Amino acid sequence: MKITIIHGQSHKGSTYHITEQIKNKLSNSSTAVYEFFMPADMPNYCIGCFQCIMKGENFCPHQEDVQKIVKVLEASDIIIVDSPTYCMEMTGQLKAFFDHLAYMWLSHRPNKAMFKKVGITVSTAAGAGAKRVSKSISNQLFWLGIPKCYRLHFNVHASSWSEVSPKIKSKIEAQTDKITHKAMKKPAVGTKLRFMFAMMRLSQKANTWNKIDKNHWEENCWLGKERPWKS
Ligand SMILES: Cc1cc2nc3c(=O)[nH]c(=O)nc-3n(C[C@H](O)[C@H](O)[C@H](O)COP(=O)(O)O)c2cc1C
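Take a look at the structure:
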């Protein structure tokens, strides 16, 4: 099994430690784990040049950083994305990473490999916002075509892992246990993803504005009967 972890932060606080727990519970001696830290592994913001969307992902000025991570994501079975809650949102550096993947959204050129993955999102907050952040990250994964995402969110009432109370830590242990068992299962493609794919397919059928998006759908035979989760 291969696991990729995208850390929405560089430091090793509560969020990181919860992700570590999940990683250790999912792993055995044959598991390969790849970890990326934001912003170190994606130091640049999207500059809004539209090159990835209109010409191709290799025209992004930051394509080397982006494609290095995309290749690893493609090969993974489970993708974990974490972020502390900052001002009720994911960290800016994590959002900057996701902005670089816009060309892979269902509305553009979805990556077939993504439709077989399981996502896990993790967020912590001192008191409020972690649920919203975990959901927001899972929304990003949905638009990349990931069919199943488990969301973990904790109000840790602390600014560092060492300050988190034993009671909250034992709740975290129980939740990470539960989620890791579920995440091992093969993901089913739900109604929401099928519906959104169908909507995007109609949009691509009518597409006269972006040739490379349309070619992508045609080459994959998605305008016909093929579906990315089937092959
Ligand atoms: C810039 C900044 C903004 C924050 N915004 C929120 C917030 O909106 N809601 C909240 O409950 N905690 C907020 N916090 C607290 C952290 O989310 C919380 O301590 C979290 O557990 C930190 O995770 P970490 O240990 O992985 O860094 C904020 C902290 C920082 C540094």
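FYI, in the numbering used here the residues of the sequence shown are 253 to 483.
Even for Gly, the Cβ is constructed at its ideal location relative to N, Cα and C.
Please read all numbers here as calculations on a predicted model, not as lab measurements.
Distance CB(residue i)-CB(residue j) smaller than 8 Å
| i | j | result |
| --- | --- | --- |
| I485 | I274 | Residue 485 lies beyond the stretch modelled for the chain, which goes from 253 to 483, so this question has no answer here. |
| S359 | T256 | no |
| Q427 | S335 | no |
| I420 | Y402 | no |
| A435 | I372 | yes |
| M294 | N462 | no |
| Y355 | V324 | no |
| L396 | W357 | yes |
| A365 | E326 | yes |
CA-to-CA distance, residue j to residue i, given in whole angstroms
| i | j | result |
| --- | --- | --- |
| Q303 | D429 | 42 Å |
| C339 | G381 | 8 Å |
| S411 | S386 | 18 Å |
| P480 | Y268 | 32 Å |
| E309 | Q319 | 8 Å |
| A378 | N472 | 45 Å |
| N280 | M253 | 9 Å |
| I258 | L278 | 16 Å |
| S390 | T460 | 31 Å |
| P399 | G442 | 7 Å |
| K347 | L475 | 31 Å |
| H263 | M452 | 38 Å |
| V416 | H468 | 48 Å |
| W413 | N407 | 12 Å |
| K444 | K438 | 17 Å |
| A458 | F349 | 30 Å |
| S266 | F367 | 30 Å |
| F449 | E470 | 14 Å |
| E272 | F311 | 35 Å |
| S282 | T337 | 33 Å |
| H409 | V370 | 29 Å |
Residue burial classification, residue i (beta-carbon count within 10 angstroms, cutoff 16)
| i | result |
| --- | --- |
| R446 | exposed |
| G300 | exposed |
| H352 | buried |
| P418 | exposed |
| T343 | buried |
| K477 | exposed |
Reference residue i; option with closest CA among the options
| i | options | result |
| --- | --- | --- |
| K423 | N472, H314, L404 and M452 | L404 |
| S375 | S388, A348, N363 and K364 | S388 |
| F289 | N276, C312 and D317 | D317 |
| A440 | N407, K482 and W461 | K482 |
| D465 | M294, E341, Q392 and P362 | P362 |
| P313 | V324, R384 and C298 | C298 |
| Q345 | N296, Q315, Q456 and K369 | N296 |
| E341 | S455, V370, K369 and K383 | K383 |
| I270 | S282, Q315, T337 and E425 | E425 |
| N276 | H409, L454 and H433 | H433 |
CB contact below 8 Å: residue i versus chain C
| i | result |
| --- | --- |
| M290 | The structure shown contains no chain C; it holds only a single protein chain. |
### Task
Tell me the start and end of each unbroken beta strand (DSSP E) in the segment 277-348 that is at least 3 residues and wholly inside, in chain order.
If we require 3 residues or more, the beta strand (DSSP E) runs fully inside the segment 277-348 come out as 284-289 and 330-336.
### Query
What residue ranges within the segment 359-441 form continuous beta strand (DSSP E) runs of no fewer than 3 residues, ordered along the chain?
DSSP runs (the beta strand (DSSP E)) wholly in the segment 359-441: 370-377 and 400-407.
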